[in-house]
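J.:
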Amino acid sequence: MPCNPDNGFFPDLKSLPHADVIYFCSPNNPTGAAATKAQLTELVDYANEKGSIVVFDAAYAPFIRSDDVPKSIFEIPGAENCAIEVNSFSKYAGFTGVRLGWTIVPSGLKFSDGSLVRDDYNRVMTTCFNGASNVVQGGGMACLDDAGLAEINTLIDYYLENASILKTGAEEMGFKVHGGVDAPYVFIDLEGKSSWDMFSKILTEANVVTIPGAGFGPGGEGFLRLSAFAPRESCEEAIARLKKLDFH
Numbered sequence: 105m106p107c108n109p110d111n112g113f114f115p116d117l118k119s120l121p122h123a124d125v126i127y128f129c130s131p132n133n134p135t136g137a138a139a140t141k142a143q144l145t146e147l148v149d150y151a152n153e154k155g156s157i158v159v160f161d162a163a164y165a166p167f168i169r170s171d172d173v174p175k176s177i178f179e180i181p182g183a184e185n186c187a188i189e190v191n192s193f194s195k196y197a198g199f200t201g202v203r204l205g206w207t208i209v210p211s212g213l214k215f216s217d218g219s220l221v222r223d224d225y226n227r228v229m230t231t232c233f234n235g236a237s238n239v240v241q242g243g244g245m246a247c248l249d250d251a252g253l254a255e256i257n258t259l260i261d262y263y264l265e266n267a268s269i270l271k272t273g274a275e276e277m278g279f280k281v282h283g284g285v286d287a288p289y290v291f292i293d294l295e296g297k298s299s300w301d302m303f304s305k306i307l308t309e310a311n312v313v314t315i316p317g318a319g320f321g322p323g324g325e326g327f328l329r330l331s332a333f334a335p336r337e338s339c340e341e342a343i344a345r346l347k348k349l350d351f352h
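Using the working numbering, the first residue of the sequence shown is number 105, and each one after it goes up by one.
#1: In its own chain, which residues sit with a C-beta less than 6 angstroms from the C-beta of residue 166, not counting the 5 before and 5 after it?
#2: On the DSSP letters alone, give me the boundaries of the alpha helix (DSSP H) that residue 259 sits inside.
#3: Going by CA-CA distance only, name the one from 224, 175, 250 and 340 that's closest to residue 286.
#4: Decide if residue 156 is buried, meaning its Cβ has at least 16 other Cβ atoms within 10 Å, or exposed.
#5: Whole angstroms are fine: how far does the CA of residue 341 sit from the CA of residue 229?
#6: In terms of residue numbering, what span does the alpha helix (DSSP H) encompassing residue 221 cover?
#7: Smallest Cα separation from residue 237: which of 212, 263, 205 and 139?
#8: Answer with buried or exposed for residue 245, where buried requires no fewer than 16 other C-beta atoms within 10 angstroms of its C-beta.
#9: Count the other CB atoms, across all protein chains shown, that sit within 10 Å of the CB of residue 344; report buried if there are 16 or more and exposed otherwise.
#10: CB-CB under 8 angstroms to residue 281, same chain, minus the five flanking residues each way: which ones, in chain order?
#11: Which stretch, first to last residue, makes up the beta strand (DSSP E) that contains residue 187?
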């Protein structure tokens, strides 16, 4: 599904061929785009009409601050009939290596033959997976008590401030920038320039590591991703170094 600045990083659903499963991530990695309630309503209505199942990746939901951007697909009426939602503590609480996540499969979600999706999902999970360890589950429970949630919110606010620094800095350098508002990623439009060439230039001339958009697939070529997952001083230093380069 082509998602780019021309369509607001939201696919033109009417032009898509039929798909049994539609994967959609919002807020998105790497673009930083976050789908609005109107956009997700369009997605849900489309899936229900076509008989598709939406796998909605909400891993970056806690970074959402805009009122018109849902944190869950199930905020949209009808989603319980067409959607599965996946999430994890990876971005909430730095569980990237520890690994603890969850999946919501509505009890009424059905395949085209009328059988329940949850039954198949349960069979796969109980056959292939023995569950997260007690230690990891204990960590997850700690994240969900009052103190844990307070720490998570403080950390996410910190990263969002980093994203704002990166976004503002890139804009001051004259770049067109996407993301960085309801997401920890800033997606810089290189306006036709090679993302690998720009990555190499910044690395060799400024000693700053970025992510070339081409690394995320063909749709990412021509873009550069900056990540807010870093200490504040590192983000400020990175922008200061980039401002010394000649990008023209």
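A virtual CB, placed ideally from N, CA and C, is assigned to each residue, including glycine.
T.: According to the structure data:
#1: Residue 166 sits at position 62 when you count from the first residue of the sequence shown. Contacts found: 196 and 260.
#2: As a position in the sequence shown, residue 259 is number 155, starting the count at 1. Residue 259 -> alpha helix (DSSP H) spans 250-276.
#3: The count along the sequence shown starts at 1 and reaches residue 286 at position 182. For the residues 224, 175, 250 and 340, the minimum Cα distance to residue 286 belongs to 175.
#4: To locate residue 156, count along the sequence shown from 1; it is residue 52. Burial call: buried.
#5: Within the sequence shown, residue 229 is the residue found at index 125, counting from 1. Within the sequence shown, residue 341 is the residue found at index 237, counting from 1. Using only the alpha carbons, I get a separation of about 45 angstroms.
#6: Sequence index remark: in the sequence shown, residue 221 carries index 117 (1-based). Where residue 221 is concerned, the enclosing alpha helix (DSSP H) stretches over 221-232.
#7: Locating residue 237 in the sequence shown gives position 133, where the first residue counts as 1. Closest by alpha carbon: 205.
#8: In the sequence shown, residue 245 corresponds to position 141, counting from 1. Exposed.
#9: Within the sequence shown, the letter at position 240 stands for residue 344. Per the 10 Å Cβ criterion, exposed.
#10: Your numbering for residue 281 matches position 177 in the sequence shown. Closer than 8 angstroms at the Cβ level, and outside the excluded window around residue 281, lie 271, 274, 275, 290, 291, 292 and 293.
#11: One-based indexing of the sequence shown puts residue 187 at position 83. Taken as a continuous stretch (DSSP letters only), the beta strand (DSSP E) holding residue 187 covers 187-192.
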